[in-house]
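The structure appears below as structure tokens.
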């Protein structure tokens with residue numbers, strides 16, 4: 102292949118897409134504004150551990166990286182709910198209790214993907230390149246680098262530069278381009294739970310959740326036997342980041358609201374004081390492509406992290422991207438148009454699903470009604486098999502298109518309701534018949 106493909110952004114999606122294209126012989130250059138994260142390390146307090154599930158593993162398998170990633174990940178088979186009184190309840194993700202999602206640090210995964218991309222002879226990664234100018238029609242770009250400005254031309258340009266994409270910003274200047282970014286009223290801050298006596302302080306086979314109604318904390322295990330904990334608190338108001346504005350206040354709040362976690366976090370005050378507060382937002386835009394320019398991953402559809410699907414959805418973008426390129430014999434414009442037409446509805450759907458799951462995780466998991474529904478759905482799946490799948494199983498343990506999940510859930514629940522009604526009617530009829538005898 103002689104096509105020159107430029108990918109802006111060396112994050113997870115950009116690195117995976119470069120690997121997929123490079124394995125198909127495309128001449129690919131990735132331009133990244135940051136230093137090489139494998140050298141400088143991840144920005145402190147900004148990672149949010151990733152949960153890689155079936156969709157992401159499917160993409161990694163296609164480039165031969167599934168085993169390498171799983172070797173750096175920990176399997177979590179369910180949620181461990183921590184109540185204020187210290188009681189814990191394990192809620193398995195799947196009806197058989199065997200399926201799970203894989204906790205991995207963003208930095209580790211990014212390093213695996215960058216190493217794979219750079220190992221290909223047709224892929225080059227250039228760090229410290231900040232995009233300053235972009236001509237969509239001509240497919241040319243200018244970058245600021247430590248050595249001065251650099252001008253670049255390509256046959257196709259792919260924006261994989263995240264939620265605040267510079268490529269997308271240039272596309273927004275076009276007439277008819279729709280764009281929205283919706284900030285959640287909550288923000289996040291990362292903390293840590295270190296090992297205790299050289300071992301995990303909590304069960305490493307679970308994603309731990311401290312649901313508290315208007316807020317929550319979660320914790321995911323790491324290979325070094327620590328946990329990365331993340332607070333999801335309101336930005337303003339009572340019990341918010343604005344309200345709890347000193348490390349000392351944080352400790353008091355933890356003692357009252359997360360007492361079992363507080364005793365496991367000796368460096369809470371240091372982490373709370375040093376780690377930044379991050380924003381949570383949903384990005385929607387249309388179209389995802391103009392000519393030979395397209396968006397992938399967060400640049401096209403940034404979502405909140407509450408289904409653990411951000412990276413998984415971006416990796417699915419890559420699968421569809423290369424499939425359409427192959428189907429259109431390398432003709433960029435029609436391939437990118439087809440890719441966008443297929444993936445945009447999926448991006449919209451997972452954005453809505455992720456927002457719904459935030460409410461479930463922070464509040465509903467702690468309610469008796471949710472627990473009854475959760476157990477009932479798992480019983481139905483065990484009884485009916487693939488004829489009844491929970492929403493969570495369809496999102497995390499299948500490649501069912503995101504846009505088909507909610508309609509399927511509604512249909513299943515209607516059928517389950519009819520079946521339950523029929524069962525009750527049959528029981529009532531038996532009882533009436535018995536009384537008549």
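Numbering (our numbering), first residue to last: 102 to 538.
We treat Cβ as the ideally placed atom computed from N, Cα and C, and that holds for glycine.
Nearest-angstrom Cα separation, counted from residue j out to residue i
i	j	result
residue 446	residue 504	6 Å
residue 431	residue 490	38 Å
residue 473	residue 484	16 Å
residue 476	residue 508	21 Å
residue 347	residue 375	11 Å
residue 494	residue 196	9 Å
residue 226	residue 246	14 Å
residue 339	residue 393	49 Å
residue 407	residue 331	11 Å
residue 422	residue 129	15 Å
residue 329	residue 429	43 Å
residue 191	residue 502	28 Å
residue 304	residue 327	11 Å
residue 516	residue 207	40 Å
residue 601	residue 231	Residue 601 lies beyond the range of the chain shown here (102 to 538); nothing can be said about it.
residue 224	residue 175	30 Å
residue 184	residue 310	9 Å
residue 317	residue 267	32 Å
residue 487	residue 450	21 Å
residue 514	residue 240	49 Å
residue 201	residue 172	15 Å
residue 93	residue 272	Since the first residue shown for the chain is 102 and the last is 538, residue 93 is missing from the structure and cannot be characterised.
residue 512	residue 448	22 Å
residue 111	residue 186	44 Å
residue 389	residue 382	18 Å
residue 204	residue 321	6 Å
residue 105	residue 433	11 Å
residue 139	residue 127	24 Å
residue 459	residue 315	10 Å
residue 180	residue 125	40 Å
residue 162	residue 168	8 Å
residue 385	residue 457	16 Å
residue 396	residue 269	7 Å
residue 300	residue 199	23 Å
residue 443	residue 424	11 Å
residue 498	residue 349	41 Å
residue 123	residue 212	17 Å
residue 189	residue 345	26 Å
Beta-carbon proximity list for residue i, same chain, < 7 Å, skipping 5 on both sides
i	result
residue 413	153, 154, 156, 157
residue 337	343
residue 275	391
residue 160	117, 416, 417, 419, 420
residue 380	284, 288
residue 527	At residue 527, the pLDDT of 49 sits below 50, so the modelled position is not reliable; the number obtained from the coordinates is stated separately. Cβ neighbours of residue 527 beyond the five flanking positions: none.
residue 323	206, 329
residue 66	The chain is shown from 102 up to 538; residue 66 falls before or after that span and cannot be answered.
Rounded distance between the beta-carbons of residue j and residue i, thought under 8 Å
i	j	result
residue 319	residue 109	In fact, because the Cβ distance is near 31 Å, the residues do not count as touching under 8 Å.
residue 170	residue 210	6 Å
residue 426	residue 436	5 Å
residue 250	residue 462	With 8 Å as the limit, residue 250 and residue 462 do not qualify as a contact, their Cβ atoms being about 46 Å apart.
residue 510	residue 454	Residue 510 to residue 454, Cβ: 10 Å. No contact.
residue 292	residue 373	7 Å
residue 214	residue 113	6 Å
Check: residue i C-beta below 6 Å from any heavy atom of the ligand ATP
i	result
residue 375	Summarising the ligand content, the structure contains no ligands, and the ligand ATP is consequently not present.
Same chain, Cβ closer than 8 Å to residue i, five either side skipped, listed in chain order
i	result
residue 363	352, 355, 356, 369
residue 243	232, 233, 234, 235, 250, 251, 252, 253
residue 297	365
residue 506	450, 454, 492, 495, 496
residue 141	135
residue 439	425, 428, 429
Neighbourhood of residue i by C-beta distance below 6 Å, restricted to the same chain and skipping five residues each side
i	result
residue 302	294, 365
residue 524	With a pLDDT of 48 at residue 524, under the threshold of 50, the predicted position of this residue should be treated as unreliable, though the coordinate-derived value follows. Nothing meets the Cβ criterion.
residue 218	116, 119, 120, 224
residue 341	334, 335
residue 278	272
residue 399	263, 264
Jot down the residue ranges of each uninterrupted alpha helix (DSSP H) in the stretch 159-206, minimum 4 residues, whole runs only, in chain order. 167-171
Is it a yes or a no for the stretch 126-142 touching the stretch 398-414, going by three-plus beta-carbon pairs under 8 Å? no
At least three beta-carbon pairs within less than 8 Å, the stretch 256-271 to the stretch 391-407: yes
Say whether the stretch 321-340 touches the stretch 285-299, bearing in mind that this needs 3 or more beta-carbon pairs closer than 8 Å, one atom from each stretch. yes
Restricting to runs no shorter than 4 residues, where is the alpha helix (DSSP H) found entirely within the stretch 384-460? 399-402, 411-428
Beta strand (DSSP E) segments (min. 3 residues) lying fully within the stretch 312-360: 317-322, 328-335
Secondary structure, alpha helix (DSSP H): runs of 4+ residues fully inside the stretch 260-304: 267-273
Which runs of the alpha helix (DSSP H), 4 residues or longer, sit entirely within the stretch 482-513? 492-497
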